[in-house]
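Notes follow once the structure below has been shown.
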Amino acid sequence: MSKTVTVGISDLSIVRSPDILVTYALGSCVGICLYDKVIKVAGLAHIMLPSSLASSEDTLNRMKYADTAIVDMVKRMSIFGARQDRITAKIAGGAQMFAANSAIYNIGERNTKAVVEILQGLAIPIIASDTGKNYGRTVYFNADTGEVQVKSAIEGIKTI
Amino acid sequence: MSIKNYDELNPMHIDVLKELGNIGSGNAATAISAMLGKEVEMTVPAVSVLDYTKAIDFLGGPENIVVGMLVRITGDIEGMIMFILQKPFARAVLKTFFGHEEIDMMALGENEASAIREIGNIMAASYVNALSQISGRMINISVPSLTVDMLGAIMSVPAIEFGAVSDQVLFIDGTFILDNQSIKSNMILIPEINSLTSLLSSLGVDI
Numbered sequence: 004m005s006k007t008v009t010v011g012i013s014d015l016s017i018v019r020s021p022d023i024l025v026t027y028a029l030g031s032c033v034g035i036c037l038y039d040k041v042i043k044v045a046g047l048a049h050i051m052l053p054s055s056l057a058s059s060e061d062t063l064n065r066m067k068y069a070d071t072a073i074v075d076m077v078k079r080m081s082i083f084g085a086r087q088d089r090i091t092a093k094i095a096g097g098a099q100m101f102a103a104n105s106a107i108y109n110i111g112e113r114n115t116k117a118v119v120e121i122l123q124g125l126a127i128p129i130i131a132s133d134t135g136k137n138y139g140r141t142v143y144f145n146a147d148t149g150e151v152q153v154k155s156a157i158e159g160i161k162t163i
Numbered sequence: 324m325s326i327k328n329y330d331e332l333n334p335m336h337i338d339v340l341k342e343l344g345n346i347g348s349g350n351a352a353t354a355i356s357a358m359l360g361k362e363v364e365m366t367v368p369a370v371s372v373l374d375y376t377k378a379i380d381f382l383g384g385p386e387n388i389v390v391g392m393l394v395r396i397t398g399d400i401e402g403m404i405m406f407i408l409q410k411p412f413a414r415a416v417l418k419t420f421f422g423h424e425e426i427d428m429m430a431l432g433e434n435e436a437s438a439i440r441e442i443g444n445i446m447a448a449s450y451v452n453a454l455s456q457i458s459g460r461m462i463n464i465s466v467p468s469l470t471v472d473m474l475g476a477i478m479s480v481p482a483i484e485f486g487a488v489s490d491q492v493l494f495i496d497g498t499f500i501l502d503n504q505s506i507k508s509n510m511i512l513i514p515e516i517n518s519l520t521s522l523l524s525s526l527g528v529d530i
């Protein structure tokens, strides 16, 4: 029996096969799916902002920012036995929900760029992605197969 | 003194904000009633400090497909107004304009989109005019931008914009009801935290 674990906004979770991770309605946020296929350990983070350096929170929520969330997720996956040199990444989200307007900077694109740079810095290859455009995405991540299903109102379900 | 954290709002502040929301959304309801030639009821606005997950659940869950509109507020008061139109509400509005029976919300034509944007524009303008008159503050609004998508993805826009400061947000939420309970829309004023002090002090409220 597999169970499905929901990852909230500014949240992350790690599971083993055969469990499934899900995060709902990513808009400009980015969902980062990390997988060690040898031991079938999967981690999913739902980040909102690119960098914790811009935070003015009283207490930093490390799961909210791409830089801190990814580093923490890799660490936590290693407790499950994952090895950083085996981890691969799939990413989804980073949309621009409302049409371009000079007052609206494109945070979705900045989030995606930050995620790509941080993964590159950790030498974690991105093997699939579904980012950008202008619609919301729900992500299902299967720890047994490493498959990521991206569901949107416009495009239906696609597997990456 | 200024308010730096939503925890600093006392019950009197909340009451004042509720009353502002009441006057603003009352004005907006009158405007939309006149435009549609139909009675539009309005609930007493709720003012709450919520985290986004709770707000999204309150509005029907993250994957609920809704019509979302974003209007930016600039000037002496900064922030945004988010309109969340449940699909039956948007459909009822379009029916009054165009007489269509069934409209595919995922494939709105330019006319339909303009009509909905116009509703947003008129409601936002009447809301903000009321706020501006009471507070004596100058407030400008942007042209609404529109999307039809998952509620959670739409609400991620204010969540991200104010996210570097706090995971919580002050919602001044007015619900508009057309014909019956099932046809609803919500208009949510999200003032920036720095603008709250300005708004409250303009009304002679002790901070």
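Quick note, the sequences are listed as chains C and A, same order.
Heads up: the first sequence at position 8 corresponds to 11 in this note's numbering, and the numbers run straight through without jumps.
Heads up: the second sequence at position 42 corresponds to 365 in this note's numbering, and the numbers run straight through without jumps.
Here a beta-carbon is modelled for each residue, glycine too, at the ideal position from N, C-alpha and C.
Quick caveat: nothing in here was measured; it's all calculated off a predicted structure.
Rounded distance between the beta-carbons of residue j and residue i, thought under 8 Å
i	j	result
residue 407 of chain A	residue 396 of chain A	About 17 Å separates the two Cβ atoms, so there is no contact after all.
residue 149 of chain C	residue 38 of chain C	5 Å
residue 72 of chain C	residue 80 of chain C	Not really, about 12 Å apart at Cβ, beyond 8 Å.
residue 23 of chain C	residue 84 of chain C	No, residue 23 of chain C and residue 84 of chain C are not in contact; Cβ-Cβ is about 19 Å, not under 8 Å.
is_contact[residue i, chain C] using C-beta, thresh 8 Å
i	result
residue 386 of chain A	yes
residue 291 of chain A	Nothing about residue 291 of chain A can be read from this structure; chain A reaches only from 324 to 530.
residue 373 of chain A	no
residue 472 of chain A	yes
residue 483 of chain A	yes
residue 480 of chain A	yes
residue 477 of chain A	yes
residue 429 of chain A	yes
residue 393 of chain A	yes
residue 468 of chain A	yes
Below-8 Å beta-carbon distance, residue i vs any chain A residue
i	result
residue 3 of chain C	Here chain C has residues from 4 to 163 only, and residue 3 of chain C is not among them.
residue 67 of chain C	yes
residue 144 of chain C	no
residue 162 of chain C	no
residue 115 of chain C	no
residue 153 of chain C	no
residue 83 of chain C	no
residue 149 of chain C	no
residue 157 of chain C	yes
residue 134 of chain C	no
residue 109 of chain C	no
residue 34 of chain C	no
Host alpha helix (DSSP H) of residue i (start-end)
i	result
residue 334 of chain A	334-359
residue 368 of chain A	Looking at the DSSP string, residue 368 of chain A is not in any alpha helix (DSSP H), and its letter there is neither H nor E.
residue 521 of chain A	516-525
residue 131 of chain C	Segment 129-134 is the beta strand (DSSP E) holding residue 131 of chain C; no alpha helix (DSSP H) there.
residue 483 of chain A	474-484
residue 116 of chain C	110-124
residue 379 of chain A	375-381
Span of the beta strand (DSSP E), counted from its first residue to its last, around residue i
i	result
residue 16 of chain C	14-19
residue 147 of chain C	Neither: residue 147 of chain C is in no beta strand (DSSP E) and is coded neither H nor E.
residue 497 of chain A	491-501
residue 326 of chain A	Neither: residue 326 of chain A is in no beta strand (DSSP E) and is coded neither H nor E.
residue 466 of chain A	Per DSSP, residue 466 of chain A belongs to no beta strand (DSSP E) and is neither H nor E.
residue 546 of chain A	Because residue 546 of chain A is not part of the residues shown, which for chain A are 324 to 530, the question remains open.
residue 8 of chain C	7-9
- prompt: Is the number of C-beta pairs between the segment 331-341 of chain A and the segment 47-56 of chain C that are closer than 8 Å three or more?
  reply: no
- prompt: Quick one: any contact between the segment 83-102 of chain C and the segment 129-140 of chain C, if contact means 3 or more CB pairs under 8 Å?
  reply: yes
query: Do the segment 477-493 of chain A and the segment 357-374 of chain A make contact, defined as three or more Cβ pairs closer than 8 Å?
result: yes
query: Is there contact between the segment 345-363 of chain A and the segment 447-461 of chain A, where contact requires at least three CB pairs shorter than 8 Å?
result: Judged by Cβ distances under 8 Å, the segment 345-363 of chain A makes contact with the segment 447-461 of chain A, as three or more pairs qualify.
contact_flag[the segment 115-122 of chain C, the segment 145-160 of chain C] where n(CB pairs < 8 Å) is 3 or more: no
query: Should the segment 407-416 of chain A be regarded as contacting the segment 502-516 of chain A, the criterion being three or more beta carbon pairs within less than 8 Å?
result: yes
message: Ignoring anything shorter than 3 residues, give me the beta strand (DSSP E) runs that lie fully in the segment 398-448 of chain A, in order along the chain.
response: 402-409
message: Three or more C-beta pairs under 8 Å: does that hold for the segment 459-470 of chain A against the segment 14-24 of chain C?
response: no
task: Report the residue ranges of all alpha helix (DSSP H) runs contained in full by the segment 17-89 of chain C; include only those spanning at least 4 residues, in chain order.
output: 69-82
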